[in-house]
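Asks: Structure incoming, see below.
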Amino acid sequence: MTAPAVRLHPAGPLESAVVAALQHVCFPEDPWDEASVATLTAPPAGFAVIALDMQDQPVGFVMARVAAEDAEILAIGVLPQARRGGVGRQLVEAAVAGSRDLGATALFLEVAEDNQAAWTLYKACGFFSVGRRPGYYKRPDGRVAALVLRRNLDGA
Ligand SMILES: CC(C)(COP(=O)(O)OP(=O)(O)OC[C@H]1O[C@@H](n2cnc3c(N)ncnc32)[C@H](O)[C@@H]1OP(=O)(O)O)[C@@H](O)C(=O)NCCC(=O)NCCS
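Take 1 as the starting number for the sequence shown in UniProt numbering and just add one per residue.
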């Protein structure tokens, strides 16, 4: 597949508002404010990456944190109009690279069992299921389980 026309940009503390705005669009039911984003992505353990389109407009983001040898993707999202172009895959790989740089040997995340798009993306990026948390996410018509996914970062 042709690589999408985006540029990946490490987001510093001053760009927490941009990340929060993207998070708000991608997760309207669970928005995080700028201060929460800044705290969660603060160095040295946290980081965020923004995807910018050819007009330098932000179209996606990923946030991650590392604790000892384990890293976690806290959130990842691509604006609806920019989806299915490979941006999500690039952001996952940015989280992988950033986590490796911080010394992690495994990368974890949680995904709602009914989130087919995200689950398919993660599988394509080498994640596998290592656990299930029943009733973890709220839905208008009830609750849905979270799958805990892992990707090994040591080796290839
Ligand atoms: C999940 C999300 C980040 C994917 O971003 P994206 O830029 O569309 O992903 P990509 O274009 O890189 O997709 C890579 C692969 O993932 C899979 N995929 C992505 N979206 C999919 C969908 N809607 N249905 C089925 N498979 C999908 C496909 O295998 C795709 O490869 P292909 O397009 O060559 O078939 C995006 O849908 C999103 O922001 N969703 C809302 C927020 C969210 O759910 N975040 C994840 C929470 S855990």
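Every residue, glycine too, gets a C-beta built ideally from N, C-alpha and C.
Ignoring anything shorter than 4 residues, give me the alpha helix (DSSP H) runs that lie fully in the UniProt domain "N-acetyltransferase" (6-154), in order along the chain.
Replies: You should have 16-26, 34-40, 87-101, 116-124.
Asks: For Leu14, is the classification buried or exposed, using 16 other Cβ atoms within 10 angstroms of its Cβ as the cut-off for buried?
Replies: Residue numbering aside, residue 14 sits at position 14 when the sequence shown is read from its first letter. Exposed, since its Cβ has fewer than 16 Cβ neighbours within 10 Å.
Asks: Suppose you measure from the CA of Val87 to the CA of Val19; what does that come to, to the nearest Å?
Replies: By one-based count along the sequence shown, residue 87 stands at place 87. By one-based count along the sequence shown, residue 19 stands at place 19. For Val87 and Val19, the distance between alpha carbons rounds to 15 angstroms.
Asks: So is the beta-carbon of Ala124 under 7 angstroms away from any non-hydrogen atom of ligand 2?
Replies: Ligand 2 is not part of this structure, which contains only ligand 1.
Asks: Report the residue from Glu34, Phe61, Ala42 whose alpha carbon sits nearest the alpha carbon of Arg7.
Replies: Here residue 7 refers to the residue found at position 7 when the sequence shown is read from its first residue. The option with the nearest alpha carbon to Arg7 is Phe61.
Asks: Looking only at its own chain, which residues have a Cβ that is under 7 angstroms from the Cβ of Thr54, when we skip the five neighbours before and after it?
Replies: Stepping through the sequence shown from its first residue, residue 54 is reached at position 54. Residue identity differs from the one stated: residue 54 is Met in this sequence, not Thr. Taken in chain order, the residues that qualify are Ala5.
Asks: With contact counted as at least three CB pairs below 8 angstroms, one residue from each stretch, are the segment 72-80 and the segment 23-32 in contact?
Replies: Yes, the segment 72-80 is in contact with the segment 23-32.
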